[in-house]
Amino acid sequence: MLSDNEQFLKDHPSAIKIPVEKWISVASTQICYANELQVLDQLVGMAEPQYVSNPKVKQGLKEGNIRNIGTAFAPDLELLLALNPDMMMVSPFKEDFYDPIRSAGIKITTNSSYLENTPLGRVEWLVYVAAFFNKEEEAIVKVNEIAQRYHKVKTIATSSKNKPSVFLGKVYQGVWYTAAAESYNANFLNDAGVHYVFKDRHGTGSHSYDFETVYEAAGQCDYWSITVNYEEEYSYSLLKNEDSRYADFKAFKDKNIVFSNTNHSMLYEKGLLEPDVVLSDLVKLFHPTLMQDHKLVYYKKLSKE
Numbered sequence: 001m002l003s004d005n006e007q008f009l010k011d012h013p014s015a016i017k018i019p020v021e022k023w024i025s026v027a028s029t030q031i032c033y034a035n036e037l038q039v040l041d042q043l044v045g046m047a048e049p050q051y052v053s054n055p056k057v058k059q060g061l062k063e064g065n066i067r068n069i070g071t072a073f074a075p076d077l078e079l080l081l082a083l084n085p086d087m088m089m090v091s092p093f094k095e096d097f098y099d100p101i102r103s104a105g106i107k108i109t110t111n112s113s114y115l116e117n118t119p120l121g122r123v124e125w126l127v128y129v130a131a132f133f134n135k136e137e138e139a140i141v142k143v144n145e146i147a148q149r150y151h152k153v154k155t156i157a158t159s160s161k162n163k164p165s166v167f168l169g170k171v172y173q174g175v176w177y178t179a180a181a182e183s184y185n186a187n188f189l190n191d192a193g194v195h196y197v198f199k200d201r202h203g204t205g206s207h208s209y210d211f212e213t214v215y216e217a218a219g220q221c222d223y224w225s226i227t228v229n230y231e232e233e234y235s236y237s238l239l240k241n242e243d244s245r246y247a248d249f250k251a252f253k254d255k256n257i258v259f260s261n262t263n264h265s266m267l268y269e270k271g272l273l274e275p276d277v278v279l280s281d282l283v284k285l286f287h288p289t290l291m292q293d294h295k296l297v298y299y300k301k302l303s304k305e
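UniProt numbering puts the first residue of the sequence shown at 1, with every later residue one more than the last.
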C-alpha cells in the first residue's frame, strides 16, 4: 500500500517530493539561499556556472558532482534527464523557455526573488527555498535575525540630520540607466539616510537617460555610487577612459565615488542575504562620522587614480 505522500505524488504528477534530494539551479542568487540553508550537497546541476563564486559549487563542478547544464534559457535536456532531479529552480521570464523540459517530466519551480524591490523582501525568499528541504523554521529564524540587524543600522542612518546627495550608475551602450525611486537600489539609499537625486522618478525598475540629463541632475552631487565587474583593480583613470565627461562631476573631482567590484566582492551572491552588512557599508561611506568601527565588506571608496 502506498503512503499518503506517495499517493499524493501519484495523483499529482507535477508535485515535487519533499524534502528534495536532488535539484538543479539556474541562477547564482539561488546558490546564495542554498548555501545559507546548507543544502548545496543536494545540488546536482548548475546553469552558467561561470557566474558562480561559491567555492563549494566550484569544487563540485571540478569533481563532477555538479554538472554544467548549459545556459539558463536553453539547458541540455539530455543531461537533465540523466541527472533526474527532484526539481529544477528557475527564474520567471515573459517568454516560457521551459515547456520542453516540463514535457520531458522535469519538475520546475519558480524563484521570483529578483522581482522584490526591497532588501528584506529578497531575504524573505529564503523561507520559500527552505520549504523544499523541510527547513522553514530555521529559515524564519534567520530572516528575523537579519531584519533586526538591518533595522538597527537603518535607524542609525535615518536619524542623521546630514543627508548627502547621491546618484547611481554610468553609461552603458550610450544610455545611462539609473534606479527608479521605489527600486531595490533606491530603497538601499533611502535606508542609508541619503538624498537620492532621482527620488522623484517613480517606479520599481530603472529609468534610462542620456548623459546630459543625468549631469544636469547630478553634476554637483556629493557622492557617486557605481557597481563594476572588473578583473583587476578599478580606478579613476579607467572610469575616465570610459567617458572623459565623467571627470566633470563634482563627486569625481572630490574623489567621492563609492563602488563595489562585483568580480571580487560577491555583492550579488553573499550580499543578498547580508543586506545589513551592505547597508552598514553604505552608511559608513556616506556618513563618515557614523559606524566608524564597521569594517567594509561589499562597498568601498574608490581611491586608485
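The C-beta atom is built at its ideal place from N, Cα and C for all residues, glycine as well.
It should be emphasised that the depicted structure is a prediction, and the values quoted were computed from it without experimental measurement.
- Three or more beta-carbon pairs separated by less than 8 Å link the region 73-93 to the region 20-35, which places the two stretches in contact.
- Looking at L43, V278, S165, V297, the one whose alpha-carbon comes closest to that of K154 is V278.
- Per DSSP, Y223 lies in no alpha helix (DSSP H) segment; the continuous beta strand (DSSP E) that holds it begins and ends at 223-228.
- In the displayed model, P55 falls within a helix according to three-state DSSP.
- By the CB criterion at 9 Å, T227 and D191 fall outside the cutoff.
- Counting the other Cβ atoms within 10 Å of the Cβ of V175 gives fewer than 16, which makes it exposed.
- In this structure, the straight-line span from the alpha carbon of R122 to that of N256 is close to 29 Å.
- For Y268, there is no enclosing alpha helix (DSSP H), as DSSP marks it with neither H nor E.
- In the three-state scheme derived from DSSP, where H, G and I count as helix and E and B as strand, P49 is classed as helix.
- Every unbroken stretch of the alpha helix (DSSP H) spanning 4 or more residues and falling wholly within the region 228-260 is given here in chain order: 236-242, 250-253.
- Taking a cut-off of 8 Å for Cβ pairs, the region 210-227 and the region 160-173 touch, as three or more such pairs fall below it.
- DSSP places I24 in the uninterrupted beta strand (DSSP E) bounded by 23-25.
- When DSSP assignments are scanned along the region 128-200, the uninterrupted stretches of alpha helix (DSSP H) that are 4 or more residues long and fall wholly within it turn out to be 136-158, 184-191.
- Residue pairing by DSSP places V90 opposite T110 in a beta bridge.
- Boundaries of the alpha helix (DSSP H) around S28: 28-37.
- In this model, Y215 and L282 are separated by some 22 Å (Cα to Cα).
- Following the DSSP letters along the chain, one finds S303 in no beta strand (DSSP E), marked with neither H nor E.
- V129 has its alpha-carbon roughly 43 Å from the corresponding atom of S237.
- The Cβ atoms of G64 and A47 do not sit closer than 9 Å to each other.
- In this structure, N117 sits away from S206, with a CB-CB distance that is not shorter than 9 Å.
- Secondary structure at L43: strand, using DSSP grouped into helix, strand and coil.
- Excluding the 5 residues flanking it on each side, G271 has same chain C-beta neighbours closer than 6 Å at V278, Y298, in chain order.
- Between K163 and D86, the gap from beta carbon to beta carbon reaches 9 Å or more.
- Between the alpha carbons of P275 and S25 lies a distance of about 22 Å.
- Just so you know, the alpha carbons of R102 and R67 end up roughly 19 Å apart.
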